[in-house]
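Reviewing the structure listed below.
In the working numbering, the protein residues as written are 19 to 271.
Shown next, in the form of structure tokens:
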């Protein structure tokens, strides 16, 4: 979500090889939606333009993940039962699927979605997330005020399981979450002074080149390169509109 899709397009092109079109689809609230196309083919996600009304209500530039559920309406009811809130009720978009925007009990926002496969390909699967490939979302990190509550909320809502945990001293544990045995992200008890939010971490071919591209296209590095388990390196940044994201990949030779 950003007030200026055109203003962030060069950033995502240079950093991740994505293309954001100059024009989008008109939305009922006056906003526009643009699909993000990967240079290697397929779609990485979307850009929703923030209108002045949305900004005046307190909505700021940020990334919002979509999590799959087979029954959006039941998941919305379960969200409320678990202490979360509904920001956009369950809605069906023709050719897209049924979705709702909600928050967990601590206020981190995300979408619940049951997508519709494209015509002629009923078994199609989204590849926006891939734990290994550059240009895809490789990790989803929940930064929260109550990691213990989140570790109960998401398994109860979406059937996720808890994987390994990395101790972080007095803060608690960095708790991995898994779907069908694949680690898709983690629950992080360190907010760093921010409000609860999901942080997407995208794969890049070469992390130092990505860092240079961030700084050359109006972004800002907020946490410098850190080595992660497995030998790759990651850093966090904001795009030119202020939306936070992470980037991960190998160092160059």
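Glycine is no exception: its CB is placed at the ideal position from the N, C-alpha and C atoms.
| Check | Outcome |
| --- | --- |
| One or two residues paired with residue 216 in a DSSP bridge | 160 |
| Simplified DSSP state of residue 185, which is helix, strand or coil | strand |
| DSSP state of residue 149 mapped onto helix, strand, coil | coil |
| Straight-line Cα distance separating residue 26 from residue 59 | 20 Å |
| Residue 62 burial status per 10 Å Cβ neighbour count (16 or more: buried) | buried |
| DSSP-derived helix/strand/coil call for residue 118 | strand |
| Buried/exposed call for residue 141, threshold 16 Cβ in 10 Å | exposed |
| Where residue 200 falls, given that 16 or more other Cβ within 10 Å makes a residue buried | exposed |
| Local Cβ density within 10 Å of residue 259, reported as buried at 16 or more and exposed below that | buried |
| Closest Cα partner of residue 222 within the set 157, 39, 143, 45 | 157 |
| Extent of the continuous alpha helix (DSSP H) to which residue 173 belongs | 165-176 |
| Cβ distance (whole Å) where residue 134 is taken to contact residue 113 below 8 Å | 6 Å |
| Beta-carbon spacing of residue 35, residue 23 below 8 Å | no |
| Expected contact under 8 Å - CB spacing of residue 19 and residue 79 to nearest Å | 6 Å |
| Supposed contact pair residue 125 and residue 214 - C-beta distance, whole angstroms, cut 8 Å | 5 Å |
| Residues that residue 54 bridges to, as DSSP identifies them | 63 |
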